[in-house]
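Every position in the sequence shown, counted from 1, becomes a number in my numbering once 1 is added.
Where a beta carbon is used, it is the ideal one built from N, C-alpha and C, also for glycine.
Here is the structure we will look at, set down as structure tokens.
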Amino acid sequence: MADDDTPGEDPKECSAEIPPETPPPSPPRDDAPRPELEEDSEADPQSPSELLVEGSMRINGLCSEILSSILSTRGCFWRISSRIDGGESEGSFNAEPSEQGEINLEVLLSGASQLREQGLEVEAKFSRYEEKTRKEKRDLEDRILGLTEENADISRLLRIALVEKEAAEKSLNRLKGSGEQRRTAILQIAEWGLQKAGFGFLRGGSAEESPNEHPTSCNASMASDVSECEEEEETSLASAVEKIVKNLRHEVTELRCSLGEQRSENEHLQSLTDKQVKELADRDLHIKILEERENMLARNVEELSLELRGSEDELARWREACKLEVEYGNIAIRECQSEIAVLKEDFERTKAALDASNNRLKLKEKLAEAAIAAHAAAETSLRLADSRSVGLREVIEELTRQLEEEAERNRRAQSSVRRRVRHICWPWRALRVNPSVAAFIVRGNAV
2 MADDDTPGED PKECSAEIPP ETPPPSPPRD DAPRPELEED SEADPQSPSE
52 LLVEGSMRIN GLCSEILSSI LSTRGCFWRI SSRIDGGESE GSFNAEPSEQ
102 GEINLEVLLS GASQLREQGL EVEAKFSRYE EKTRKEKRDL EDRILGLTEE
152 NADISRLLRI ALVEKEAAEK SLNRLKGSGE QRRTAILQIA EWGLQKAGFG
202 FLRGGSAEES PNEHPTSCNA SMASDVSECE EEEETSLASA VEKIVKNLRH
252 EVTELRCSLG EQRSENEHLQ SLTDKQVKEL ADRDLHIKIL EERENMLARN
302 VEELSLELRG SEDELARWRE ACKLEVEYGN IAIRECQSEI AVLKEDFERT
352 KAALDASNNR LKLKEKLAEA AIAAHAAAET SLRLADSRSV GLREVIEELT
402 RQLEEEAERN RRAQSSVRRR VRHICWPWRA LRVNPSVAAF IVRGNAV
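Listed below in structure tokens is the structure:
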């Protein structure tokens, strides 16, 4: 009983010791305006390599700041976890970033993942801590309620004992019998008082316990005087009542503990029952859905079986049609092959005719070339003939003129010829033809 009366830790004080979670500082945004960089670039223009080095240094600085923020947040989580565990966490956490040269995105990503895992662990520990404090608070409330009820029972018993003591004193004053009768009456009064208080005190059990526990007092009461017997009976009755009250109080405490355990177990079972009821409802719904799906699938299977039978019949018809089509195709192929053979023969004949036509065309081209050459020669000869005809025309005109002159002279000389010469064998002299003109005429005829 002394251990149960010791007050436990206040859950409010335990929860007050846990510091609130401090959100990690947000890293600076890359798209935020940076007037310093703009002013530096306007004031002192740098080369691209220097700008690249400066940008990489700025990025490394930002990465180091982000890593330091992550490490500080992890340190805060570690302190919260150690306070939740009651300072039982082993080791210590180093919040200073280690110098490893450049910090890349993989390091930041690993730090963020470790921070997330640590946050989840702290959340789980805090949930367990809340459950523990809630259970301790419930136990303390049950103990306080039990002590309050026990105090009320003790007060009620004391009041009843005082009333019964007064009634017993009055009845003892009235009784003048033996000590056994007085003891029986006292036990009846005590039993009536305890039953009135709510305890199941049996007279037989107390009568059996009292002589077994105090056999010497019973024998002494028979041998001693009336005053000693009354004191011993009152002492034995008080010790029996005190023992019964202690036993009943211990039983009540055990019953309360078992009641708390049964209540927590009942809550756990109730939560499990609710969860199982929800799971059963979900399973019933899932079973209904599966039954509907099964019915739908059965209908689909029936429809598909009917469609399959129709498809098989149609497939048989298509197979027969395909066989007929194959036969017709073979016949058409043979016809096409014969037509192809005929076309090949026609092609060969056409090719031979085309070769002959090409040869004729080549011959005609040669003839055309020869005709063109002949035409050119004819044009040349025509030009020569024109020039010759011009010369011949002049000669003819000259000859005509000479002939006219000769004719005139002949007419003039006929009269004289008739008188002087009767026959002339060579006419040149008589005609008086110019030998140079005759040579020109002969040369023109030769050409």
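If you check the beta carbons only, do residue i and residue j fall under 8 Å apart?
i      : j      : result
Leu121 : Ile71  : no
Phe494 : Val108 : Given that the chain is displayed from residue 2 to residue 448, the structure contains no residue 494 and the question cannot be resolved.
Leu68  : Gly112 : yes
Arg257 : Gly147 : yes
Drop a sphere of 10 angstroms on the beta-carbon of residue i, count the other beta-carbons inside from all chains shown, and report buried for 16 or more, exposed for fewer.
i      : result
Trp319 : exposed
Ile397 : exposed
Ala241 : buried
Ser339 : exposed
Thr74  : buried
Glu165 : buried
Ser82  : buried
Arg144 : buried
Ile334 : exposed
Gln119 : buried
Ile341 : exposed
Ile245 : buried
Pro29  : With a pLDDT of 42 at Pro29, under the threshold of 50, the predicted position of this residue should be treated as unreliable, though the coordinate-derived value follows. That one is exposed.
Short of 7 Å in beta carbon distance, which residues of its chain neighbour residue i, apart from the five on each side in sequence? Order them along the chain.
i      : result
Asn152 : none
Ala374 : none
Spatial neighbours of residue i within its chain, please: CB distance less than 8 Å, with the 5 preceding and 5 following residues excluded, ordered by chain position.
i      : result
Asp86  : Lys126
Glu304 : none
Ser265 : Lys136, Arg139
Lys247 : none
Spatial neighbours of residue i within its chain, please: C-beta separation below 6 Å, excluding the five flanking residues on both sides.
i      : result
Met223 : Note that Met223 has pLDDT 44, beneath the 50 cutoff, so the model's placement of it is unreliable and the number below is only indicative. So no residue of the chain qualifies.
Leu260 : none
Pro26  : With a pLDDT of 43 at Pro26, under the threshold of 50, the predicted position of this residue should be treated as unreliable, though the coordinate-derived value follows. Once the five neighbours on either side are set aside, the close Cβ partners of Pro26 are Ser70.
Leu106 : none
Check whether the Cβ of residue i lies closer than 7 Å to any heavy atom of the ligand FAD, and answer yes or no.
i      : result
Glu150 : Only the bare structure without any ligand can be found here, which leaves the ligand FAD out of the picture.
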